[in-house]
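Per full-length UniProt numbering, the sequence shown starts with residue 1, numbered consecutively.
Step one of this worksheet: look at the structure below.
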Amino acid sequence: MTLDRSTRIAFIGGGQMARAMIGGLTAAGHPTSNIFVAEPFQGALDAVSASFAGVSTSTDNTLAVNFNGLGAHVVVLAVKPQVLKGVAEGLANSLKTHKSVVVSIAAGIRIKDLARWLDWNTIVRVMPNTPALVNEGASGLYADESCTQQQKDLAFAIAGSFSKMAYWVEKEVLLDVVTGVSGSGPAYFFYLLEAMENAAVELGMPREVARGLAAQTCLGAGKMALAQLDTDPAILRKNVTSPKGTTEAGIKVFDDLNAKKIMQDVVIAATKRADELGDILGSQ
């Protein structure tokens, strides 16, 4: 679905992720005149205005939802999970007046808790990741059962504007898995990059060269995997692993350390923590 250019979108929160989303929307042709950002910190609003001329801004959340008396079709909650309860409760009346679709990108906050705070249940959760900042994001989505197909399509079109890959999940609990895989995933790659860079430096390579080679290798491998999504990653790995060659020597170290199991445990631990945070934050 292509996002209708007349769709009025209010962002509650003007931080990096909100700006990444706005960048994706405007790059896709959405007019800045139909975007409104509310944010308590003037510095963040100034950054929005500097990057996106024509976007309306305010420190008042309800003004953004009211959208100059016309009402926002979509309200994107882009604030930290720890402050979402207070923000949501302050929006309840405006949402009911304008019947806005709520899109929450707050990690861990479940729809049932958000609906309780908002007194409103037309909600779609989107779990993006930070590569959206460079137009390389991946997102998972889950919608409350009260959402119509049109409302779901609208949320998906917005997610698609800043995500190269976006998927619906069948159960809300699977958003915790999305968090464990792609939400936290960039940090796993940075961890690997750090190790590859340090090893190369120890072997005498200049750090800037090591960093460039390692980063481009991760990017290139990712693009190869995306170009062959129907191919098992194990096959891709074997295709570049010659018997008794250099790659096999490196992979053997991974196997000896049971690195595949370690990586699986990393994803499981992050997923479990997302579930725990949902319990903690939802009990507010």
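Just so it is clear, CB atoms sit at the ideal spot from N, CA and C, and this is done for glycine as well.
C-alpha gap between Ala38 and Gly71, whole angstroms: Locating residue 38 in the sequence shown gives position 38, where the first residue counts as 1. Locating residue 71 in the sequence shown gives position 71, where the first residue counts as 1. Cα to Cα, the separation comes out at about 14 Å.
Between Ser104, Leu219, Ala200, which has its C-alpha nearest Ala210's C-alpha? Position 210 of the sequence shown, counted from the first residue, corresponds to residue 210. The candidate whose alpha carbon is nearest that of Ala210 is Ala200.
Expected contact under 8 Å - CB spacing of Arg116 and Tyr142 to nearest Å: Position 116 of the sequence shown, counting from 1, holds the residue named residue 116. Position 142 of the sequence shown, counting from 1, holds the residue named residue 142. Arg116 to Tyr142, Cβ: 17 Å. No contact.
Assuming Met127 contacts Gly183 under a Cβ cut-off of 8 Å, what Cβ separation, rounded to an integer in Å, is found between them? For the purposes of this step, residue 127 is taken as the residue at position 127 of the sequence shown. For the purposes of this step, residue 183 is taken as the residue at position 183 of the sequence shown. That belief holds up - the Cβ atoms of Met127 and Gly183 are roughly 5 Å apart, short of 8 Å.
Would you kindly report the start and end of the unbroken alpha helix (DSSP H) that includes Ser184? As a first step, residue 184 must be located in the sequence shown, where it is residue number 184. Per DSSP, Ser184 belongs to no alpha helix (DSSP H) and is neither H nor E.
Measure the alpha-carbon distance for Cys147 versus Thr241 and round it to whole angstroms. For the purposes of this step, residue 147 is taken as the residue at position 147 of the sequence shown. For the purposes of this step, residue 241 is taken as the residue at position 241 of the sequence shown. So the two alpha carbons sit approximately 48 Å from each other.
I'd like the ranges of any beta strand (DSSP E) spanning at least 3 consecutive residues and lying wholly in the stretch 58–136. 74–77, 101–104, 123–127
Within 8 Å, strictly: CB atoms of Phe162 and Gly24: As a position in the sequence shown, residue 162 is number 162, starting the count at 1. As a position in the sequence shown, residue 24 is number 24, starting the count at 1. The answer is yes: Cβ separation under 8 Å.
For Ala138, which residues does DSSP report across the bridge? Translated into positions along the sequence shown, residue 138 becomes position 138. Its beta-bridge partners are Met165.
Alpha carbon of Thr59 to alpha carbon of Cys218, nearest angstrom: Walking along the sequence shown from the start, residue 59 turns up at place 59. Walking along the sequence shown from the start, residue 218 turns up at place 218. Thr59 and Cys218: Cα-Cα distance of roughly 40 Å.
Whole-angstrom distance between Pro243 and Lys171, CA atom to CA atom: Stepping through the sequence shown from its first residue, residue 171 is reached at position 171. Stepping through the sequence shown from its first residue, residue 243 is reached at position 243. Straight-line Cα distance between these residues: approximately 43 Å.
Give me the DSSP bridge partner(s) of Ser56. For this step, residue 56 is matched to residue 56 along the sequence shown. BP columns for Ser56 point to Phe36.
Identify whether Phe41 lies in helix, strand or coil by the three-state DSSP scheme. By 1-based counting over the sequence shown, the position of residue 41 is 41. Here Phe41 sits in coil by DSSP.
Evaluate Ile235 with the Cβ neighbour count: other Cβ atoms within 10 Å of its Cβ, from every protein chain shown; 16 or more gives buried, anything less gives exposed. Along the sequence shown, one-based indexing puts residue 235 at 235. Ile235 is exposed by the Cβ-count criterion.
According to DSSP, is Ala10 part of a helix, a strand, or is it coil? Counted from its first residue, the sequence shown places residue 10 at position 10. Looking at Ala10 - three-state DSSP - the assignment turns out to be strand.
Indicate the three-state DSSP secondary structure (helix, strand or coil) for Ala28 in the structure shown. To locate residue 28, count along the sequence shown from 1; it is residue 28. Looking at Ala28 - three-state DSSP - the assignment turns out to be coil, as it is neither helix nor strand.
Between the stretch 62–77 and the stretch 128–135, are three or more C-beta pairs nearer than 8 Å? no
Determine the extent of the alpha helix (DSSP H) in which Pro233 is found, giving its start and end residues. Here residue 233 refers to the residue found at position 233 when the sequence shown is read from its first residue. 233–239 is the span of the alpha helix (DSSP H), which, as asked, contains Pro233.
Return the bridge partner residues of Ala227 from the DSSP annotation. Along the sequence shown, one-based indexing puts residue 227 at 227. Partner(s): none; Ala227 has no beta bridge.
Assuming Val65 contacts Ser100 (C-beta within less than 8 Å), just tell me the rounded distance between them. For the purposes of this step, residue 65 is identified with residue 65 of the sequence shown, where counting begins at 1. For the purposes of this step, residue 100 is identified with residue 100 of the sequence shown, where counting begins at 1. Indeed they touch by this definition, with Cβ atoms about 6 Å apart.
Hey, quick one: how far does the alpha helix (DSSP H) through Asp255 stretch, first residue to last? Counting from one through the sequence shown, the residue named residue 255 turns up at place 255. Segment 246–256, the alpha helix (DSSP H) holding Asp255.
Sort out for me which residues DSSP pairs Ala143 with in a bridge. Position 143 of the sequence shown holds residue 143. According to DSSP, Ala143 bridges with Val124.
Are the stretch 78–95 and the stretch 244–255 touching by the rule of at least three beta carbon pairs closer than 8 Å? no
Using alpha carbons as the reference points, say which of Ile105, Gly245, Asn121 lies closest to Ala92. Translated into the one-based positions of the sequence shown, residue 92 becomes position 92. Answer by Cα proximity: Asn121.
Taking all protein chains shown into account, decide if Asn239 is buried (16 or more other Cβ within 10 angstroms of its Cβ) or exposed. Position 239 of the sequence shown, counting from 1, holds the residue named residue 239. Classification of Asn239: exposed, given that the 10 Å Cβ count is below 16.
State yes or no: is the C-beta of Gly140 within less than 8 Å of the C-beta of Ala270? For the purposes of this step, residue 140 is identified with residue 140 of the sequence shown, where counting begins at 1. For the purposes of this step, residue 270 is identified with residue 270 of the sequence shown, where counting begins at 1. Contact flag unset, no.
Residue range of the alpha helix (DSSP H) that Lys171 falls in? For the purposes of this step, residue 171 is taken as residue 171 along the sequence shown, with counting starting at 1. Note, Lys171: premise wrong, no alpha helix (DSSP H); not H, not E.
Looking at the structure shown, is Leu213 part of a helix, part of a strand, or coil, going by DSSP? By one-based count along the sequence shown, residue 213 stands at place 213. The answer is helix: DSSP assigns Leu213 an H, G or I state.
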